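Take a look at the structure set out below.
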Amino acid sequence: MKRIYIIIVTAIISLFIFSACNKSWLNPAAEGQLSSVDSSFLDPANAQKFVNACYTQLLNWDASSFAWIGVTSIASDDADKGSSPGDVGSDKDQMDAITWTPTSSSPAGVFSAYFLGVNYCNEALFNVPKFKLETSVQERYLAEAKFLRAYYYFTLVRTFGDVPYKDTVVAQDDATIRKYNRRVSKDSIYALIESDLKYAISILPTRDQLNGEYGRASKGAATGLLAKVSMYEKKWQQAYDLTNQVINQSVGTYSLVNDYATIWREVGENSEESLFEIQSKSTSPFAAVQQYSQVQGIRGGTFNVTNVYTGWGFNTPSTDLDNAFEPGDVRRKATIIHIGDTLFDGVVVINAENAMYNYKAYPSNIAESYGNNTDYSNKNIRILRMGDIYLINAEAANELGSTDVAQTSLNKVRNRAKLGNTTATTQADLRNAIWKERRVELAMEHDRWYDLVRQGRAGVVMRALGKNFVDGKHEVFPIPQTEINSSNNVLTQNPGY
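Here the sequence shown is numbered in full-length UniProt numbering, starting from 1 and rising by one per residue.
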């Protein structure tokens with residue numbers, strides 16, 4: 001009953017997840033208690049509630065806010081802890097210094113939140129077929145659940161390496177629990193991710209067929225995510241072919257928007273740049289990402305106007321990142337708020353506790369309809385977009401030996417940033433140029449740590465900055481000790497912890 005109750009509550013909340021765009025497929029009037037009795041499966045409207053629960057977990061505090069920010073950003077060379085020196089944010093000082101342990105709260109939060117997401121998806125995949133639905137409707141619900149399960153698992157496998165393989169609802173007997181608490185190789189997890197995404201690609205509608213329901217998974221989102229997964233697996237031909245499908249618009253209409261800075265503003269939400277975003281809405285009906293912007297908001301600032309969105313000041317851009325941008329790169333000022341800057345809404349940052357802040361997380365109380373809700377802003381989180389797709393395409397082409405194609409895709413991104421074409425011509429030089437471009441194009445977007453590990457240079461880069469990175473240990477985070485204890489030590493620890 002407890003598991004069903006969690007699904008009920010989450011599903012009801014999630015009925016409103018996409019209502020910011022007045023999506024016709026959402027019907028708040030259909031809200032109701034989804035009981036555990038068989039009669040509930042007679043109402044087809046209840047099937048969607050299981051799928052909605054998969055989406056709603058994306059709004060979770062640990063899944064897309066404080067813990068996730070600590071693991072994916074503060075740990076990297078993109079960001080520092082920020083905030084005030086005495087405010088450690090539970091363990092964000094450990095994330096910054098790479099001194100985390102199996103009892104650190106950020107990895108534990110991510111582990112729990114993302115496996116809860118996996119469990120919601122498994123509940124949907126298990127229960128949706130029990131409803132009498134049109135085949136096309138059932139297939140779409142299953143495809144959405146599989147897309148989201150792949151997303152949750154992609155984060156888990158990159159963060160922890162080998163993790164438990166859960167592809168079904170787990171019975172609550174001791175033998176089954178032990179079985180599903182055992183870690184499997186990351187290759188097995190990647191195989192599940194690929195299988196889920198290939199199914200999703202075969203079923204989901206394109207972006208153009210969503211009828212404005214942009215928060216839902218699409219064929220383009222699944223194709224792009226599989227391309228990114230393929231890059232991590234070094235399946236270069238697959239990554240290249242899939243990114244070409246997105247670039248050539250065979251899976252939906254996508255393109256680089258002209259003005260990089262607008263991507264993170266209200267006018268840029270769900271634009272043709274974006275393949276997938278976590279939807280957030282702070283006003284009634286309520287369904288917002290918990291404190292993503294507040295955690296990173298300007299701390300202790302003085303401004304030229306009142307009613308400025310402020311916050312805790314964590315996850316501040318590092319000096320190393322600030323120095324990584326080439327002269328004339330418009331992305332620097334679109335990514336980093338500096339003391340003295342005039343922001344797009346006319347706010348002048350006269351002073352603040354930290355020297356820099358994450359502009360991509362800034363919601364304007366003045367120029368945008370964010371509802372003045374400090375804890376829960378309307379600001380969507382961009383998860384996958386065309387700048388990333390072009391750079392995956394460039395990297396895959398370069399690894400396949402197609403230098404000219406790699407240069408073309410790389411230059412598309414550089415030219416949008418008002419930079420000239422790359423001067424790199426050899427495969428090795430192009431590889432480094434693409435890696436550098438990924439850093440500045442995707443700065444503060446929660447990719448940098450994973451990129452450094454994938455590229456095999458996390459230790460070199462982080463130690464050069466004085467961080468305590470140990471090769472063979474810190475490429476993955478520790479399995480939370482609480483999880484190991486609750487599994488009666490069936491769940492094992494990563495090396496070195």
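All C-beta atoms, glycine included, are put in the ideal place defined by N, C-alpha and C.
Since the structure is predicted, the reported quantities are computational estimates derived from the model, not experimental observations.
Rounded to whole angstroms, the separation of the alpha carbons of tyrosine 55 and lysine 49 is 10 Å. At a Cβ-Cβ threshold of 8 Å, asparagine 380 and glutamate 277 count as neighbours.
Pairwise C-beta distances place the stretch 213-220 out of contact with the stretch 431-441, as fewer than three of them are shorter than 8 Å. The shortest CA-to-CA distance from valine 163 to any of Arg183, His446, Asn378, Val110 is the one to Arg183. Threonine 135 and arginine 149 have their C-alpha atoms some 21 Å from each other. According to the DSSP secondary-structure assignment, serine 274 is paired through a beta bridge with Arg385.
Note on the stretch 93-147: there is no whole beta strand (DSSP E) run with a minimum of 3 residues. Under the DSSP assignment, methionine 462 falls in the alpha helix (DSSP H) whose first and last residues are 458-464. Beta-bridge pairing by DSSP links isoleucine 336 to Asn358.
Counted as a single uninterrupted DSSP element, the beta strand (DSSP E) harbouring alanine 79 occupies residues 79-82. Taking 8 Å as the cut-off, the beta carbon of isoleucine 339 is found no closer than this to the beta carbon of tyrosine 362. Remark: C-beta atoms of glycine 301 and valine 349 approach each other more closely than 8 Å. Taking C-beta separations shorter than 7 Å and ignoring five residues to either side along the sequence, the partners of alanine 47 in its chain run Val128, Phe131, Leu133, Tyr141, following chain order.
Here glutamine 57 is buried: its Cβ has 16 or more other Cβ atoms, across all protein chains shown, within 10 Å. At the C-beta level, phenylalanine 147 and aspartate 196 come within 8 Å of one another. In the displayed model, isoleucine 350 falls within a strand according to three-state DSSP. Annotation note: the stretch 206-265 contains no uninterrupted beta strand (DSSP E) run of length 3 or greater. Distances from the alpha-carbon of tyrosine 376 to those of Gln290, Glu233, Ser202 put Gln290 closest. When the five nearest sequence neighbours on each side are left out, the beta carbons in the same chain lying within less than 6 Å of the beta carbon of tyrosine 450 are those of Arg158, in order along the chain. Counting other Cβ atoms within 10 Å of its Cβ, aspartate 447 reaches 16 or more and is therefore classed as buried. Going by DSSP, phenylalanine 314 is part of the beta strand (DSSP E) stretching over 314-317. Taken through DSSP and simplified to helix, strand or coil, threonine 72 comes out as helix. Membership of phenylalanine 50 in the alpha helix (DSSP H) is indicated by the continuous run 45-56.
Within the same chain, Ala20, Leu59, Ala287, Ala288, Val289, Tyr292, Tyr376, Ser377, Asn378, Lys379, Asn380, Ile381 come within 8 Å of serine 280 by CB-CB distance, once the 5 residues on both sides are set aside.
Taking the CA atoms as reference points, glutamine 407 sits about 42 Å from tyrosine 497. Under the criterion of beta carbons closer than 8 Å, glycine 89 and phenylalanine 66 qualify as touching, at roughly 7 Å. Non-local beta-carbon contacts of glycine 328 in its own chain, meaning distances under 8 Å to residues more than five positions away in sequence, involve Lys418, Leu419 in chain order. With at least 16 other beta carbons inside 10 angstroms of its own, asparagine 181 counts as buried. Distance from the CA of arginine 414 to the CA of proline 102, rounded to the nearest whole angstrom, comes to 40 Å. By the CB criterion at 8 Å, glycine 70 and asparagine 494 fall outside the cutoff. DSSP places phenylalanine 303 in the strand class (E or B) of the three-state scheme. In this structure, DSSP gives valine 163 an extended state, which the three-state scheme calls strand. Between the alpha carbons of asparagine 258 and threonine 243 lies a gap of roughly 20 Å. With respect to glutamate 445, lysine 360 sits close: the two C-beta atoms are nearer than 8 Å. Here threonine 426 carries a coil assignment [DSSP, helix/strand/coil]. In the DSSP assignment, arginine 183 forms a beta bridge with Pro164.
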